[in-house]
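Just below is one structure, and these are the notes that go with it.
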Amino acid sequence: MLAKYHITVYGRDQICASCVGAPGSKETYEWLKALLKRRYNEADFSYEYVDMDEEPTSETHRQMIDKMEEEDMFYPLVLLNGKIIAEGIPNPKEIFKAIESLA
Numbered sequence: 016m017l018a019k020y021h022i023t024v025y026g027r028d029q030i031c032a033s034c035v036g037a038p039g040s041k042e043t044y045e046w047l048k049a050l051l052k053r054r055y056n057e058a059d060f061s062y063e064y065v066d067m068d069e070e071p072t073s074e075t076h077r078q079m080i081d082k083m084e085e086e087d088m089f090y091p092l093v094l095l096n097g098k099i100i101a102e103g104i105p106n107p108k109e110i111f112k113a114i115e116s117l118a
């Protein structure tokens with residue numbers, strides 16, 4: 016069975032300049048997985064972390080990383096089924112709202 020919701024987090028090991036004091040991208044990814052696991056059916060979700068400093072594994076990832084750099088977007092950047100739902104420090108209420116709008 017395919018997951019109903021695919022969460023993609025783009026980030027770097029280095030903390031975003033505007034997010035000093037916030038957790039790193041990888042920590043945010045792990046936190047988000049745990050948060051959603053507690054609230055929703057785990058089988059409905061799949062997760063992917065994309066390190067912006069590594070060679071992208073797909074053209075979609077390459078295009079998103081290029082867009083983030085061109086538009087000076089904050090990271091971590093969180094996507095739900097390919098749509099941006101959080102930039103920088105994610106707000107759980109906004110993430111829940113985005114998920115529930117697809118239910």
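Here the sequence shown stands for residues 16 to 118, numbered as in the numbering used here. We put the CB at the ideal spot given by N, CA and C, even for glycine.
Beta-bridge partners of Asp66, as assigned by DSSP = On the sequence shown, residue 66 is found 51 positions in, with the first residue counted as 1. Paired residues: Gly26.
Buried versus exposed call for Pro107 [16 or more other C-beta atoms within 10 Å across all chains shown] = Translated into the one-based positions of the sequence shown, residue 107 becomes position 92. Pro107 sits exposed, since fewer than 16 C-beta atoms from the chains shown fall within 10 Å of its C-beta.
query = Going along the chain, which unbroken runs of the beta strand (DSSP E) with 3 or more residues stay wholly within the segment 79-118?
reply = Listed in chain order, the complete beta strand (DSSP E) runs (minimum 3 residues) inside the segment 79-118 are 92-95 and 98-102.
task = Locate the alpha helix (DSSP H) running through Ser73, then write down its first and last residues.
result = For the purposes of this step, residue 73 is taken as residue 58 along the sequence shown, with counting starting at 1. Per DSSP, Ser73 belongs to no alpha helix (DSSP H) and is neither H nor E.
ask   = Would the segment 89-102 and the segment 52-59 be scored as touching if the rule is three or more Cβ pairs under 8 Å?
value = No, the segment 89-102 does not touch the segment 52-59.
key: Backbone secondary structure at Tyr55 - three-state DSSP   = Start at 1 with the first residue of the sequence shown, and residue 55 comes out as number 40. The DSSP-derived three-state label of Tyr55 is coil.
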